[in-house]
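Novice:
Protein chains in written order, with this note's numbering: chain H, 670 to 953; chain B, 784 to 1026; chain R, 28 to 348.
1) Whose C-alpha, out of B:837, B:910, B:937, B:888, is nearest the C-alpha of residue 898 of chain B?
2) If you run the structure through DSSP and keep just helix, strand and coil, what is residue 230 of chain R?
3) Indicate whether residue 905 of chain H and residue 825 of chain H have their beta-carbon atoms separated by less than 7 angstroms.
4) Give the C-beta separation of residue 212 of chain R and residue 77 of chain R to the nearest angstrom, bearing in mind that I take them to be a contact with Cβ-Cβ under 8 angstroms.
5) In whole angstroms, what is the alpha-carbon distance linking residue 940 of chain H and residue 159 of chain R?
6) Run down chain H in chain order and give the residues with a C-beta less than 9 angstroms from the C-beta of residue 293 of chain R.
7) Using a Cβ distance threshold of 8 angstroms, determine whether the segment 203–217 of chain R contacts the segment 301–313 of chain R, with at least three qualifying pairs required.
8) Along the chain, where does the alpha helix (DSSP H) containing residue 189 of chain R start, and where does it finish?
9) Looking at the unbroken beta strand (DSSP E) that takes in residue 1000 of chain B, where does it start and where does it end?
10) Can you tell me which of the three DSSP states residue 93 of chain R falls into?
11) Step through the CB atoms of chain R and report whether any lies within less than 7 angstroms of the CB of residue 857 of chain H.
12) Can you tell me which of H:820, H:719, H:883 puts its alpha carbon nearest to the alpha carbon of residue 684 of chain H?
13) Could you please give the first and the last residue of the uninterrupted beta strand (DSSP E) stretch that includes residue 842 of chain H?
14) Determine, using beta carbons only, whether residue 139 of chain R comes closer than 7 angstroms to chain H.
15) Between residue 639 of chain H and residue 730 of chain H, what straight-line distance do the alpha-carbon atoms span, to the nearest angstrom?
16) Measure the Cβ-Cβ separation of residue 776 of chain H and residue 321 of chain R and say whether it is below 7 angstroms.
17) Buried or exposed: where does residue 720 of chain H fall if 16 or more other Cβ atoms within 10 Å of its Cβ makes it buried?
18) Quick one: what does DSSP say residue 935 of chain B is sitting in, helix, strand or coil?
19) Using 7 angstroms as the limit for Cβ to Cβ distance, is residue 910 of chain B near chain H?
20) Taking only three categories from DSSP, how would you classify residue 948 of chain B?
21) List the residues of chain H whose Cβ lies closer than 7 angstroms to the Cβ of residue 76 of chain R, in chain order.
22) Tell me which residues of the segment 838–853 of chain H have at least one Cβ-Cβ distance to chain B shorter than 9 angstroms, keeping chain order.
23) From what residue to what residue does the alpha helix (DSSP H) around residue 789 of chain H run?
24) Have a look at H:910, H:841, H:746 and flag the residue whose alpha-carbon is nearest the alpha-carbon of residue 861 of chain H.
25) On a Cα-Cα basis, can you pick out the residue from B:834, B:874, B:786 that is closest to residue 859 of chain B?
26) Where does the unbroken beta strand (DSSP E) through residue 818 of chain B begin, and where does it stop?
27) Can you check which of these residues, H:942, H:919, H:925, H:938, is closest to residue 931 of chain H by C-alpha distance?
28) So, does the CB of residue 949 of chain B fall closer than 7 angstroms to a CB anywhere in chain H?
29) Who are the near neighbours of residue 862 of chain B in its chain, counting only those whose CB is closer than 7 angstroms to its CB and skipping five residues on each side?
30) How is residue 805 of chain B classed by DSSP in three states: helix, strand or coil?
31) By the 10 Å Cβ neighbour count, where 16 or more other Cβ atoms means buried, how is residue 896 of chain B classified, buried or exposed?
32) Strictly by DSSP, which residues pair up with residue 263 of chain R?
33) Given a cut-off of 7 angstroms on the beta-carbon distance, is the pair residue 818 of chain B and residue 979 of chain B in contact?
34) Just the Cα atoms here: how many angstroms apart are residue 225 of chain R and residue 215 of chain R?
35) What separation, rounded to the nearest whole angstrom, lies between the Cα atoms of residue 951 of chain H and residue 846 of chain H?
36) Under the three-state reduction of DSSP, which class applies to residue 849 of chain B: helix, strand or coil?
What follows is the structure in structure tokens.
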């Protein structure tokens, strides 16, 4: 086993995990909303981009932004439907509502796009780079760069702009924010739209790695959960580090121990974390 | 004499419990109105209801008017935008944001007709200590400093009426006087202020009018000079000394 | 409305009538199949319902116990040749052991953290079931023999849904009786008190953590027995027992009619299965329907259909309560 190759694999996997997780962690941190439809939104992002490419002949580099916008609009609709329990911060109820939404998306996507695996093709997926014994693709480079750029921009916005301060204030205390003249409902919509758009971007960059199915989504995003909790809810830098960490763990555990049980192992680590430090998730 | 804030028949219910029962209240322009009463009299509930705000889910009845504009049905952030600004009891600023960020959250109104726009220079003049704390997070500030920031951000919203809920809570007596005297200065310059306080003595010395609230009802009201001799106020004063 | 004010004879009569539902519905294999499925899935839902009613928490992990029951039945009947009653006992024991583990793990977690942890545990369990060859891996375990109940020299076998129905009916009635009695049990009343008035509970010496664990452990065998029955009905178990479908169905059945109603989950399950069996709009369409119902109830009528009924009744013109 080439250790350097595994490290590269780990970084590649990790950037994917981080990118898919970022929307979820911001949403959880800012609105305390656990979005169980995240996996299905990832699936929808991939399929919208694929559909636009195959039915309308749009090229990949335009299809992905279109998917991002489409899912952002979907986010507006969803958040509008959920507004009342969000304002009441009825977190458990909201969680189950998103579970319901996810199930609707699963059925709806299967209806719309069929149940067969489809090839979501990015021109960069097959463009390989070989340096000595190690190799990766331009798609991996794009994913890594995209992840770092998105994280960088997000960090700057959250920590250096007034908009970011508004989001952080609502995350800390939505009621108090209202007294400061902040419309918390608008903030929640904005954060939810970000989540949907970010996961669509994640799908656009990561999904081309393998055939896409309307039944997918669960496997692709359960590791999101691990990244978010281990990295610290709402923490941008935390998710980046945890994402890469998890990517390296997956690559190494898979190569050294067993590739089948990596998800179980990752979740076991997560469970241990949750059990030993449940306060890590407590609403402030 | 114009009235800047008026409430008529204000009632607040939590579940089956009536916390405020048919209160009429008026804050004249440029005056400082105080409200005192024992713990549980409903003072906080009342002032929160004026701002349309609560940490719970109360049922509020009655009308609230800011100048000639009705506030009924407006959510708290809209009332704040209109100039009805509340500094709540307890937590009034964000612990994870710096002083500067807390203040920057508030955007002064685009159309400040009839309202005084407090510039950052004025804020620094009023509370010079805040300049050195600009980049400190809320949780790193002392109780007194947090109150200064809380009041400052309220002033940045160019309030027509400022609602202050127990600003003295947890503050050393000297700081309490400093803060309330600063407020008095602002009132003398034209700000309208409603102050809910446990500290009856300080309130009596500085306000123009006083209300005494007992079990959700106004049991006494009047100009400060008259109220100073009201036996019920003296009782409340004694109560606040020993209670 | 827990029917505790109804005289026992009426309850017995309703129970007896329930036995004849599939026969009254035509006696076809479809009718027996649907009724058996309703009974099985309703019992599965009652396990999660116990957690919601007595701990006020939403468990997203009861699919673990449901699957454990199914796998216990499968492994022991196929590999060890055990008959129905021993496999049922094993299902109960396995579920309780798992519940102790999960219950201890979630002892300090509350609300949505509790739900997340139970969900994560279900994911781990699913991954293990999917990959461990002992559990059949992704193929699962096939060839489960028909359910045979044997005591001494007497034995009865269930070949087909029409013969499985009586057993399913017994399990369902047993579950309803258990749930009904639970309310008046020491554990049940303690749990309710801890929920409503924690200070009083502590003053009375109730250990909230023991109660929490107790309710958890009591709820697991219920879903496990449902899984046990399901294994025999399908003659197959696999990691698909962890599918979102069962979780969504459980939750919908619990909330659709209303909270803390004895027959709520049963009626909820019946509504869902009847729609899927007789008014199906395709597998995908049914998913849309089920997901929509769950979301709609929680967003629009959180008190369930019963709550909606109350709202409609209190419209102007209708007599007010």
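The beta carbon of each residue, even a glycine, is placed where N, CA and C say it ideally should be. Owing to the predicted nature of the structure, the values given are computational and were not obtained by experimental measurement.
Specialist: Considering the structure as presented:
1) The sequence position of residue 898 of chain B within the second chain is 115, counting from 1. It is B:937.
2) Along the third chain, one-based indexing puts residue 230 of chain R at 203. Three-state result, residue 230 of chain R: helix.
3) By one-based count along the first chain, residue 905 of chain H stands at place 236. By one-based count along the first chain, residue 825 of chain H stands at place 156. The answer is no: Cβ separation not under 7 angstroms.
4) The residue given as residue 212 of chain R occupies position 185 in the third chain. The residue given as residue 77 of chain R occupies position 50 in the third chain. In fact, because the Cβ distance is near 12 angstroms, the residues do not count as touching under 8 angstroms.
5) Working through the first chain from its first residue, we reach residue 940 of chain H at position 271. Working through the third chain from its first residue, we reach residue 159 of chain R at position 132. Each residue's alpha carbon lies about 20 angstroms from the other.
6) By one-based count along the third chain, residue 293 of chain R stands at place 266. None at all; the shortest Cβ gap to chain H is about 20 angstroms.
7) no
8) The sequence position of residue 189 of chain R within the third chain is 162, counting from 1. 188–209 is the extent of the alpha helix (DSSP H) around residue 189 of chain R.
9) Walking along the second chain from the start, residue 1000 of chain B turns up at place 217. Note, residue 1000 of chain B: beta strand (DSSP E), 1000–1006.
10) If you number the third chain from 1, residue 93 of chain R lands on position 66. Here residue 93 of chain R sits in helix by DSSP.
11) In the first chain, counting from the first residue as 1, residue 857 of chain H sits at position 188. So, not an interface residue.
12) Taking the first chain and counting its residues from 1, one reaches residue 684 of chain H at position 15. When each option's Cα is compared against that of residue 684 of chain H, the closest is H:820.
13) On the first chain, position 173 is the one that residue 842 of chain H refers to. Element bounds for residue 842 of chain H: n/a, residue is neither H nor E.
14) Position 112 of the third chain, counted from the start, is the residue given in the question as residue 139 of chain R. Taking Cβ atoms only, chain H reaches closer than 7 angstroms to residue 139 of chain R, which makes this a yes.
15) Outside the modelled stretch of chain H, which goes from 670 to 953, sits residue 639 of chain H, for which no answer is possible.
16) Along the first chain, one-based indexing puts residue 776 of chain H at 107. Along the third chain, one-based indexing puts residue 321 of chain R at 294. No, these two residues do not count as a Cβ contact at 7 angstroms.
17) Position 51 of the first chain, counted from the first residue, corresponds to residue 720 of chain H. So residue 720 of chain H counts as buried.
18) Taking the first residue of the second chain as position 1, residue 935 of chain B is located at position 152. DSSP places residue 935 of chain B in helix when its eight states are reduced to three.
19) Counting from one through the second chain, the residue named residue 910 of chain B turns up at place 127. Not closer than 7 angstroms to any Cβ of chain H, the Cβ of residue 910 of chain B fails to qualify, so no.
20) By one-based count along the second chain, residue 948 of chain B stands at place 165. Three-state DSSP puts residue 948 of chain B in a strand.
21) Sequence index remark: in the third chain, residue 76 of chain R carries index 49 (1-based). The contacting residues do not exist; residue 76 of chain R stays about 14 angstroms from chain H at best.
22) 838, 840, 841, 842, 844, 845, 846, 847, 848, 849, 850, 851, 852, 853
23) Counted from its first residue, the first chain places residue 789 of chain H at position 120. Run containing residue 789 of chain H: none; DSSP gives neither H nor E here.
24) Indexing the first chain from 1 puts residue 861 of chain H at position 192. When only C-alpha atoms are compared, the closest one is H:746.
25) Against the second chain, residue 859 of chain B aligns to sequence position 76. Closest by alpha carbon: B:834.
26) What you label residue 818 of chain B is simply residue 35 of the second chain in a count that begins at 1. Counting along the chain, the beta strand (DSSP E) containing residue 818 of chain B begins and ends at 815–820.
27) As a working mapping, residue 931 of chain H is identified with position 262 in the first chain. Among H:942, H:919, H:925, H:938, the Cα nearest to that of residue 931 of chain H is on H:919.
28) Within the second chain, numbered from 1, the residue matching residue 949 of chain B stands at position 166. No, no contact with chain H.
29) Taking the second chain and counting its residues from 1, the one referred to as residue 862 of chain B is at position 79. Counting only Cβ-Cβ distances below 7 angstroms, and skipping sequence neighbours, we find 834, 835, 854.
30) Here residue 805 of chain B is taken as the residue at index 22 of the second chain, counted from 1. Residue 805 of chain B: strand per DSSP, three-state reduction.
31) Within the second chain, the letter at position 113 stands for residue 896 of chain B. Exposed, by the Cβ-count rule.
32) Position 236 of the third chain, counted from the first residue, corresponds to residue 263 of chain R. DSSP, once it has assigned bridges, lists R:169 as partnering residue 263 of chain R.
33) For the purposes of this step, residue 818 of chain B is identified with residue 35 of the second chain, where counting begins at 1. For the purposes of this step, residue 979 of chain B is identified with residue 196 of the second chain, where counting begins at 1. Taking 7 angstroms as the Cβ cut-off, residue 818 of chain B and residue 979 of chain B qualify as a contacting pair.
34) Indexing the third chain from 1 puts residue 225 of chain R at position 198. Indexing the third chain from 1 puts residue 215 of chain R at position 188. Residue 225 of chain R and residue 215 of chain R: Cα-Cα distance of roughly 14 angstroms.
35) Taking the first chain and counting its residues from 1, one reaches residue 951 of chain H at position 282. Taking the first chain and counting its residues from 1, one reaches residue 846 of chain H at position 177. With a pLDDT of 43 at residue 951 of chain H, under the threshold of 50, the predicted position of this residue should be treated as unreliable, though the coordinate-derived value follows. Taking the straight line joining both Cα atoms gives about 20 angstroms.
36) Position 66 of the second chain, counted from the start, is the residue given in the question as residue 849 of chain B. In the structure shown, residue 849 of chain B sits in a strand (DSSP, three-state: E or B).
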